[in-house]
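Below is one structure, written out as structure tokens; the observations come after it.
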Amino acid sequence: MDQSLRVGQLARGHRDRITQILDATRVFRPEEVEVALELFDETFPSDASRSDAADASSQTTVYRPPPTACSTTAHRLPPAACSYAFLGAFTPDDELVGYACYGPTPDTDRTFDLYWIAVDPDAQGGGGGTRLLTEVERRLQGQNARMLIVETSSRSEYAPTRHFYEKRGYAEAARVREFYAPLDDRIIFTKRFHSPEGGERCSNE
Numbered sequence: 109m110d111q112s113l114r115v116g117q118l119a120r121g122h123r124d125r126i127t128q129i130l131d132a133t134r135v136f137r138p139e140e141v142e143v144a145l146e147l148f149d150e151t152f153p154s155d156a157s158r159s160d161a162a163d164a165s166s167q168t169t170v171y172r173p174p175p176t177a178c179s180t181t182a183h184r185l186p187p188a189a190c191s192y193a194f195l196g197a198f199t200p201d202d203e204l205v206g207y208a209c210y211g212p213t214p215d216t217d218r219t220f221d222l223y224w225i226a227v228d229p230d231a232q233g234g235g236g237g238t239r240l241l242t243e244v245e246r247r248l249q250g251q252n253a254r255m256l257i258v259e260t261s262s263r264s265e266y267a268p269t270r271h272f273y274e275k276r277g278y279a280e281a282a283r284v285r286e287f288y289a290p291l292d293d294r295i296i297f298t299k300r301f302h303s304p305e306g307g308e309r310c311s312n313e
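The numbering of the sequence shown is this note's numbering, which starts it at 109 and goes up by one.
Below you can see the structure in the form of structure tokens.
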């Protein structure tokens, strides 16, 4: 693992670099990249978006409750509070080489979803993915989370991804045959931070 990599917070200005990373992996479909950027934009709105929202708010006195979900996409997303959390993996020169996005699963008791984790192919093998996932887990355990859920594809190009999670203590909990497309299953991995009986947190090793 490259010990020089650091994990830090992201900002609006990282959007273009995240797009580059997602495209460079060559495993995400265009619509999947669009969803990833949608989550980013929900968390880091542009100045124009903030201005438009403020203008709209000032032009009406009618109260409208927030939407029940942050997106109309088919992906499972957090509720209207939009509590997405983003972390980036940076080189000593502050180049963003990977990122992760996670958040609470709606209507659950301390269950969280890992929505995205991606590392630039040029930086893969340097431990960026491990550093990101380890930090996500550390923060979730600090929040007394019970479980982290990861969903991925059964396509052959995702074999390294599946191995990555299995090596880090994630277990396949369910598989929905041909969920994404013919011959493309949805595989659900889980990692528990507490035993089912509520005992000690499990190790990250």
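C-beta: ideal position from N, C-alpha, C; glycine also.
All values derive from a computational prediction rather than experimental measurement.
Bridge partners of V258 according to DSSP: L222, F297. In the structure shown, P212 falls within a strand segment according to DSSP collapsed to helix, strand and coil. Check the Cα spacing between K299 and each of K275, V227, E139: the tightest is with K275. Collapsing the DSSP output to three states places V135 in coil. With contact defined as three or more Cβ pairs closer than 8 Å, the stretch 209 to 228 and the stretch 120 to 132 are in contact. Between the C-alpha atoms of I295 and R114 there is a straight-line separation of about 30 Å. Here the alpha carbon of E259 sits roughly 17 Å from the alpha carbon of P290. In its chain, beyond the 5 residues on either side, V258, F297 have a beta carbon closer than 7 Å to the beta carbon of Y273.
Taking one beta carbon from each stretch, the stretch 241 to 260 and the stretch 205 to 222 have 3 or more pairs nearer than 8 Å; the two touch.
Setting aside the 5 residues that flank it on each side, E245 is surrounded in the same chain by L256, K299, F301, N312, each with a C-beta closer than 8 Å to its C-beta; the list follows chain order.
Straight through space, the alpha carbons of C209 and A193 are spaced by roughly 6 Å.
If you draw a straight line from the Cα of R270 to the Cα of S154, it comes to about 34 Å. Between R123 and F148, the alpha-carbon positions lie close to 8 Å from each other.
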